[in-house]
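Visitor:
There are 2 protein chains.
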Amino acid sequence: MSKQELPIVDVCCAPLACEPLSESEAAELAPLFKAIADPVRLRLLSLIACHEGGEACVCDLTTAFDLTPPTISHHLKVLRQAGLIESERRGTWVYYWINPAVLARMSTLLTPASTAFAETA
Amino acid sequence: MSKQELPIVDVCCAPLACEPLSESEAAELAPLFKAIADPVRLRLLSLIACHEGGEACVCDLTTAFDLTPPTISHHLKVLRQAGLIESERRGTWVYYWINPAVLARMSTLLTPASTAFAETA
């Protein structure tokens, strides 16, 4: 893919290849990456994102791990507090879905740089 | 941007929206996100990625922070050990550039999910 063919992505923040992050931007973004800097949370996020209908019941998530429900709940709380997922209780269970805007911001930050620099590497 | 206009990215690993990460994939990817889960390292990465010619001298990087050169060196070492950047000494200075394949893998993991779910949110 040539640089001319790169899609223009309409996002709030400057992509990595265009302009260095400011101190405040970096301070805001680092906790988002910290929230997924854990294998269990990364798998939880992918399980939620891949789940049919775009949301997953906590009952589906706990069965995928050899961990106690309180441990899974802790990791889900970290993801939720970072803003990566949202949740709602419906009857017995809590349901989770990803926050697409936050994930888009994170991926966009990394995408243009990797695409642009792939050609010169 | 509609789904039809999305570029097809040729990468090694399944995007987040397609298939949940396996335990081994998550264990391999989590340290990459951990390496950028720090404001200084995130700014260093963006400074290197944005630098003219795609590489930055350590002398350019240290001046951008109110931190000691050993602290900057420590953060650069973390990024290098994670495989996010590469380096080479030339004369007095060490030069750094990003590893586009690793960044592409990280961004691709987050991109399809966020794009796919952005339309249904």
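Which chain is which? The protein sequence lines are A and B, in order. By full-length UniProt numbering, the letter at position 22 of the first sequence is numbered 22, and the numbering carries on one by one without gaps. By full-length UniProt numbering, the letter at position 110 of the second sequence is numbered 110, and the numbering carries on one by one without gaps. Glycine residues also receive a C-beta, built at the ideal position from the N, C-alpha and C atoms. These numbers were taken from a predicted model, which means no experiment stands behind them.
Return the CA-CA distance between A/C57 and A/Y95, expressed in angstroms with no decimal places.
Guide: One C-alpha to the other measures close to 4 angstroms.
Visitor: At 9 angstroms on the CB atoms, spell out the chain B contacts of A/I72, in chain order.
Guide: Within chain B, no residue comes near A/I72; the closest Cβ sits about 14 angstroms away, beyond 9 angstroms.
Visitor: Name, please, each residue of chain A whose Cβ falls closer than 9 angstroms to the Cβ of B/L47.
Guide: Ordered by position in chain A, the residues that pass the 9 angstroms Cβ test against B/L47 are P20, L21.
Visitor: Quick one: which chain A residues come within Cβ less than 7 angstroms of B/R80?
Guide: Near B/R80 there are no residues of chain A at all, since even the closest Cβ is about 16 angstroms away, more than 7 angstroms.
Visitor: Starting from A/A82, trace the alpha helix (DSSP H) in both directions and tell me its first and last residue.
Guide: For A/A82, the enclosing alpha helix (DSSP H) starts and ends at 69-82.
Visitor: Do you know how far the Cα of B/L32 is from the Cα of B/L79?
Guide: 9 angstroms
Visitor: Per the DSSP calculation, B/S87 is bridged to which residue(s)?
Guide: B/Y96
Visitor: May I ask you to verify whether the region 74-89 of chain A touches the region 27-43 of chain A, counting CB pairs closer than 8 angstroms and requiring at least 3?
Guide: yes
Visitor: Distance, Cα to Cα, B/V102 vs B/E23?
Guide: 19 angstroms
Visitor: How long is the line joining the alpha carbons of A/K34 and A/E88, rounded to whole angstroms?
Guide: 24 angstroms
Visitor: Of the choices A/P69, A/L21, A/A27, whose alpha-carbon is the least far from that of A/W93?
Guide: A/P69
Visitor: Would B/P20 and A/L47 be called neighbours here (beta carbons separated by less than 8 angstroms)?
Guide: Contact flag set, yes.
Visitor: I'd like to check one pair, A/L45 with B/M106: are the Cβ atoms closer than 8 angstroms?
Guide: no
Visitor: I need the boundaries of the alpha helix (DSSP H) containing A/A30, first residue and last residue.
Guide: 23-35
Visitor: Check the Cβ of B/S107 against every Cβ in chain A and list those closer than 7 angstroms, keeping chain order.
Guide: S107, L110, T111, S114
Visitor: Taking Cβ positions only, does B/P69 come closer than 8 angstroms to chain A?
Guide: no
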